[in-house]
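*Asks:* Below is the structure I would like to discuss, written out as structure tokens.
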Amino acid sequence: MLVFPRPSAARDIYWDPKCNLKSGLYGTGALGPPSIFATLEGEQHKQLRKALSNAPWTIGQLKNTWEHRFDELVNLFVKKMREHAAAGRVVCLSDKVAEFAADIMSMISFTNAFGCVKNQRDEKLILTNWRIGLDFFGFVGRFRFFRERIIPMPLVGKYFLPSVDNEVGMGWLMCEADRQVAKREKLIAEKEFDGSPDFLQHCLEARYSDGSPLTPVQKRAHVSLLIQAGADTTGTALGSILRFLTTTPGVFARARAEIDEADRAGRLSTPILYEETRRHLPYFVACIKEGVRLNPPATNLFARITPKGGKVIDGHYIPEGTEITTYAYVMQRDKELYGEDADEFRPERWLESDKRSNELEAVQFSFGMGPRVCFGKDIAYMEMFKLLPEIVRRFDIEVLQKGEYVVAGGVAYNRKFLGRFVERTGEKGSV
Ligand code: HEM
């Protein structure tokens with residue numbers, strides 16, 4: 000596999016429709032049953048993506064339909080962190096925000112959250128098992144013989160891959176997806192669905208252009224994929240940004256001053272709305288962008304295959320049938336583009352001018368690019384735009400251990416980021 004580390008290569012690789020064949024590592028089964036993410040062939044992917052159309056998950060629809068549900072969860076999060084604060088408890092800050100992301104994903108998928116925030120634990124060990132599975136995913140991704148010859152052997156796959164017999168983790172999630180699909184199908188056979196259409200409902204109603212529905216396996220696959228693709232990835236973004244905010248000198252104070260000023264001017268609701276962050280907290284938005292740039296939650300799993308006749312990428316001719324990819328972590332620290340301080344957390348780089356900000360935005364690869372760009376980008380941004388400013392608005396954070404951002408199998412998570420939430424006192428602390 001060839002890795003192109005410079006931002007200039009990304010457009011050549013990911014925007015060319017002829018280059019939309021994914022490499023075999025996507026089809027290992029390590030990420031559950033076959034889904035849009037694991038569909039290798041470009042045309043097949045296009046049909047499936049069209050059927051699943053991401054319209055209900057665009058920011059406009061989210062604001063109308065789901066934002067008040069995000070608000071309920073933000074309020075619950077604040078209540079629970081207040082309890083930790085009152086007890087002076089040390090918590091893993093990155094795990095707390097990842098649990099929030101897991102609940103958002105289960106809520107978006109099934110209407111009711113798994114209860115990670117309510118119960119203050121990783122329900123059904125969804126996050127823990129996801130992280131354990133990453134090493135295996137990385138291994139099969141790199142060891143071609145193992146994935147092509149060993150995994151397909153009878154019983155071997157069952158041993159290594161998630162199975163519906165598992166009581167926790169991805170296997171449990173697949174089983175839960177089955178249960179939820181069956182329950183909802185029974186319900187809508189009896190009477191028309193009258194709730195807010197969640198992703199499960201969306202999968203049941205999805206139709207290919209010839210009018211055919213998703214297969215039973217595809218329905219289950221997409222419901223569980225969403226939680227896999229969107230829980231710990233967004234959790235990592237939230238955790239990393241919180242670490243940058245609290246450990247980079249001057250940043251927390253400036254972000255809070257911006258929030259306080261907007262608060263005094265009566266521009267913020269409780270909890271803060273997505274649109275309010277976007278419009279009134281430009282420095283905070285820059286912190287979010289800078290955090291996602293420096294700690295991409297998915298660094299490098301995105302190989303494609305060069306088309307018939309080969310292809311020129313970033314000035315190099317690459318023969319047909321070659322696996323090609325890029326590496327978000329490296330690309331987003333390119334010194335030619337970002338300057339000598341590319342490795343530093345400096346949100347101001349996003350505020351220099353609209354032209355500069357657009358230039359940087361165009362080469363961000365954290366959410367992928369082109370026809371396979373992340374489906375849930377707007378959901379992830381909505382979580383970041385709502386939860387993080389609310390935390391800074393209400394709590395001081397005493398960091399006891401910075402912990403680390405770890406990459407395993409091309410996906411990142413945070414560990415051992417320990418500290419205390421300390422309830423903010425004074426006028427603004429009581430909002
Ligand atoms: C910060 C959080 C997230 C990051 C960094 C992220 C990253 C990515 C990346 C890089 C891809 C492209 C993979 C490729 O080109 O092969 C992708 C695809 C995808 N993501 Fe996300 N994602 C995040 C959150 C979410 C959320 C919240 C959801 C669900 C609501 C989601 C659902 C998906 C799906 C379904 C795909 C496959 C799209 C397709 O193949 O057409 N992601 N994501």
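Position 223 of the sequence shown, counting from 1, maps to 222 under numbering that gives the first Met the number 0, and the rest follow consecutively. Using N, Cα and C, we set each Cβ at its ideal position, and we do this for glycine too. A quick note: this is a predicted structure, and the numbers were derived from the prediction, not measured.
1. Indicate whether A302 and I323 have their beta-carbon atoms separated by less than 8 Å.
2. Which residue's Cα is closest to the Cα of L244: L225, L293, R266, L51?
3. Suppose the cutoff is 7 Å on Cβ atoms and the five residues either side in sequence are ignored; what does the same chain contact list for R266 look like?
4. What is the DSSP secondary structure of I317, reduced to helix, strand or coil?
5. Is there at least one non-hydrogen atom of ligand 1 closer than 7 Å to the beta-carbon of C286?
6. Alpha carbon to alpha carbon, how far is F138 from V405?
7. Would you kindly report the start and end of the unbroken alpha helix (DSSP H) that includes L244?
8. Check each candidate in F144, W129, L225, Q179 and name the one with the smallest Cα separation from G168.
9. Between A112 and ligand 1, is there a pair consisting of the residue's CB and a ligand heavy atom that are separated by less than 7 Å?
10. What's the call for E40, buried or exposed, on a 16-neighbour Cβ count within 10 Å?
11. Given the structure, does R48 come close to ligand 1, in the sense that its CB is under 7 Å from one of the ligand's heavy atoms?
12. Within the present structure, is the beta-carbon of G249 separated from the nearest heavy atom of ligand 1 by less than 7 Å?
13. Sorted by chain position, which residues of the same chain lie with C-beta nearer than 7 Å to M104's C-beta, five sequence neighbours on each side aside?
14. Check whether the Cβ of C18 sits closer than 7 Å to any heavy atom of ligand 1, and report yes or no.
15. The beta strand (DSSP E) that contains T325, what's its start and end?
16. In angstroms with no decimal places, state the Cα-to-Cα distance between R461 and T232.
17. Under a Cβ-count criterion, where at least 16 other Cβ atoms within 10 Å of its own Cβ denotes burial, should L51 be classed as buried or exposed?
18. Quick check on DSSP: helix, strand or coil for V430?
19. Which residues does DSSP pair with G418 in a beta bridge?
20. Can you have a look at E389 and say buried or exposed, based on whether 16 or more other CB atoms are within 10 angstroms of its CB?
21. Does at least one heavy atom of ligand 1 sit under 7 Å from the Cβ of A220?
22. Compute the distance between the beta-carbons of R146 and G23, then report whether it is under 8 Å.
23. Assuming contact is defined by CB atoms lying nearer than 8 Å, are C115 and D102 in contact in what I supplied?
24. Cβ of L296 versus every heavy atom of ligand 1: is any distance shorter than 7 Å?
25. By Cβ distance below 8 Å, which residues in the same chain neighbour G428 in space, the five residues on each side in sequence not counted?
26. Near S365, what residues of its chain come up, given a Cβ to Cβ distance below 6 Å and the 5 sequence neighbours on each side ignored?
27. Can you give me the C-alpha to C-alpha distance between L237 and E66, rounded to a whole angstrom?
28. Please go through the same chain and pick out, in chain order, the residues whose beta-carbon is closer than 7 Å to the beta-carbon of G309, but skip the five residues on each side of it.
29. Do the stretch 328-341 and the stretch 356-365 meet, that is, are 3 or more Cβ pairs less than 8 Å apart?
30. When you compare the stretch 211-218 with the stretch 67-85, are there three or more beta-carbon pairs, one atom per stretch, that lie closer than 8 Å?
31. According to the Cβ coordinates, are A285 and L199 closer than 8 Å?
*Replies:* Concretely, from the data shown:
1. Sequence index remark: in the sequence shown, residue 302 carries index 303 (1-based). Sequence index remark: in the sequence shown, residue 323 carries index 324 (1-based). Cβ atoms of A302 and I323: closer than 8 Å.
2. Taking the first residue of the sequence shown as position 1, residue 244 is located at position 245. Taking only the C-alpha atoms, the option nearest L244 is L293.
3. In the sequence shown, the residue the question calls residue 266 occupies position 267. Closer than 7 Å at Cβ, skipping near neighbours: E275, H279.
4. By one-based count along the sequence shown, residue 317 stands at place 318. In the structure shown, I317 sits in a strand (DSSP, three-state: E or B).
5. Within the sequence shown, residue 286 is the residue found at index 287, counting from 1. No; taking the cut-off as 7 Å, the Cβ of C286 has no heavy atom of ligand 1 nearer than that.
6. Position 139 of the sequence shown, counted from the first residue, corresponds to residue 138. Position 406 of the sequence shown, counted from the first residue, corresponds to residue 405. The straight-line gap from Cα to Cα measures roughly 16 Å.
7. Taking the first residue of the sequence shown as 1, we reach residue 244 at position 245. For L244, the enclosing alpha helix (DSSP H) starts and ends at 215-246.
8. Here the question's residue 168 lines up with position 169 in the sequence shown. Among F144, W129, L225, Q179, the Cα nearest to that of G168 is on W129.
9. Start at 1 with the first residue of the sequence shown, and residue 112 comes out as number 113. No - ligand 1 has no heavy atom lying nearer than 7 Å to the Cβ of A112.
10. Along the sequence shown, read from residue 1 onward, the residue named residue 40 stands at position 41. Exposed, since its Cβ has fewer than 16 Cβ neighbours within 10 Å.
11. Residue numbering aside, residue 48 sits at position 49 when the sequence shown is read from its first letter. Yes, ligand 1 has a heavy atom inside 7 Å of this Cβ.
12. Translated into the one-based positions of the sequence shown, residue 249 becomes position 250. It does not: the Cβ of G249 is nowhere closer than 7 Å to a heavy atom of ligand 1.
13. Here residue 104 refers to the residue found at position 105 of the sequence shown. Answer for M104: L225, I226, G229, A230, listed in chain order.
14. The residue given as residue 18 occupies position 19 in the sequence shown. Result no, Cβ not under 7 Å from ligand 1.
15. In the sequence shown, the residue the question calls residue 325 occupies position 326. Per DSSP, T325 belongs to the beta strand (DSSP E) from 322-325.
16. Residue 461 falls outside the range modelled here, since the chain spans only 0 to 430, and no answer is possible.
17. Position 52 of the sequence shown, counting from 1, holds the residue named residue 51. When all chains shown are included, L51 counts as buried.
18. Residue 430 sits at position 431 when you count from the first residue of the sequence shown. In this prediction, V430 has a pLDDT of 43, which is less than 50 and means its spatial position is unreliable; nothing more can be read from the coordinates.
19. Here residue 418 refers to the residue found at position 419 of the sequence shown. Residue pairing from DSSP places G418 in a beta bridge opposite V90, V398.
20. Numbered from 1 along the sequence shown, position 390 holds the residue referred to as residue 389. E389 should be labelled buried.
21. Here residue 220 refers to the residue found at position 221 when the sequence shown is read from its first residue. The beta carbon of A220 sits no closer than 7 Å to any heavy atom of ligand 1.
22. Sequence index remark: in the sequence shown, residue 146 carries index 147 (1-based). Sequence index remark: in the sequence shown, residue 23 carries index 24 (1-based). Yes, they are a contact pair.
23. As a first step, residue 115 is located in the sequence shown; it is residue number 116 there, counting from the start. As a first step, residue 102 is located in the sequence shown; it is residue number 103 there, counting from the start. Cβ distance < 8 Å, so C115 and D102 count as in contact.
24. Residue numbering aside, residue 296 sits at position 297 when the sequence shown is read from its first letter. According to the sequence as given, residue 296 is Pro; it is not Leu. Flag set: Cβ of P296 near ligand 1.
25. Mapped onto the sequence shown, residue 428 falls at position 429. With a pLDDT of only 44 at G428, under the threshold of 50, the placement of this residue in the model should not be trusted; the figure read from the coordinates follows. Cβ within range, chain order: R393, E422.
26. Along the sequence shown, one-based indexing puts residue 365 at 366. In chain order, V291, P295, A327 place their CB closer than 6 Å to the CB of S365, counting only its own chain and leaving out the 5 sequence neighbours on each side.
27. Within the sequence shown, residue 237 is the residue found at index 238, counting from 1. Within the sequence shown, residue 66 is the residue found at index 67, counting from 1. When rounded, the separation of the alpha-carbon atoms in L237 and E66 is 18 Å.
28. Within the sequence shown, numbered from 1, the residue matching residue 309 stands at position 310. Result list for G309: Y316, I317, P318, E319, in chain order.
29. yes
30. no
31. Counting from 1 along the sequence shown, the entry for residue 285 is found at position 286. Counting from 1 along the sequence shown, the entry for residue 199 is found at position 200. Not closer than 8 Å, so no.
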